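Following the numbering used here, the numbering of the first sequence begins with 42 at its first residue and continues without gaps.
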Amino acid sequence: MNYWLLKTEPNEFSIDDLQALGPGIEPWDGIRNYQARNIMRDDIKKGDLAFIYHSSCKLVGVAGVAKVVEEAYPDPAQFNPKSKYYDPKSTKETPRWVCIGVTFVERFKEVIPLAEIKQIPTLSAMVLVNRGRLSVQPVRPDEWNTIMDMKE
DNA sequence: GCCAACGTTGGC
DNA sequence: GCCAACGTTGGC
């Protein structure tokens, strides 16, 4: 079992939206970055857990936890000309982009701010801290535990 | 809204 | 396959 971090802009989709789905499955679509895609396609497995991270908003940080319930499959949005994630270069025979399915696990009482995470020495190697721009990224078990301990 | 860091595109 | 130009991400 592995740990991940999934970024989302809460204006678009937040931990509250995920919670509102209850046991429902949310397709984690619209990922249009090759490195993030490769992680979803090759590494993320059913049963893995992921932090839901709120970016580009007032309170930037880790907002909760989701569980992977569907492994990578072609992202339907890439074939939909009306979607903002439409990719005219992708074909059904050789789809370029994939998504995964996640479900709600936990909403933290308070978002754990990025600023706070940056101050913890044992978290200084986190991809989140070192490499800003990657919307799907791995989290080490010790990093996972450290952040879970930062909750109220 | 600014801007740094990074990813992607496309000419050669 | 290099690299300049351009686009995007994302914290602040």
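Ideal Cβ placement from N, Cα and C applies to all residues, glycine included.
Computed from a prediction, not measured in an experiment: that's the story for all the values here.
{"Check": "Whole-number beta carbon distance between V106 and G142, since they are thought to touch under 8 Å", "Outcome": "Not a contact, Cβ separation roughly 15 Å."}
{"Check": "Cα-Cα separation between K133 and V139, rounded to whole angstroms", "Outcome": "12 Å"}
{"Check": "Helix, strand or coil at E134 according to DSSP, with G and I counted as helix", "Outcome": "coil"}
{"Check": "Reference I188; option with closest CA among S176, K159, E67", "Outcome": "K159"}
{"Check": "Whole-Å CB distance - K48 paired with Y94, under 8 Å assumed", "Outcome": "5 Å"}
{"Check": "A156 versus L100 - alpha carbon distance", "Outcome": "10 Å"}
{"Check": "Coarse secondary structure for Y126, derived from DSSP in three states", "Outcome": "coil"}
{"Check": "DSSP-derived helix/strand/coil call for V101", "Outcome": "coil"}
{"Check": "8 Å Cβ cutoff met for L90 and V146", "Outcome": "yes"}
{"Check": "Outcome for P122 when other beta-carbon atoms lying within 10 angstroms are tallied against a minimum of 16", "Outcome": "exposed"}
{"Check": "Neighbourhood of P136 by C-beta, 6 Å cutoff - its chain only, sequence neighbours within 5 removed", "Outcome": "P115"}
{"Check": "Whole-angstrom distance between D58 and E193, CA atom to CA atom", "Outcome": "22 Å"}
{"Check": "Among G88, F149, N171, nearest to D190 - alpha-carbon criterion", "Outcome": "F149"}
{"Check": "Range covered by the beta strand (DSSP E) that runs through Q178", "Outcome": "177-180"}
{"Check": "8 Å Cβ cutoff met for Y66 and V177", "Outcome": "One detail in the question is off: residue 66 reads as Ile in this sequence, not Tyr. In this structure, V177 does not lie closer than 8 Å to I66 by Cβ."}
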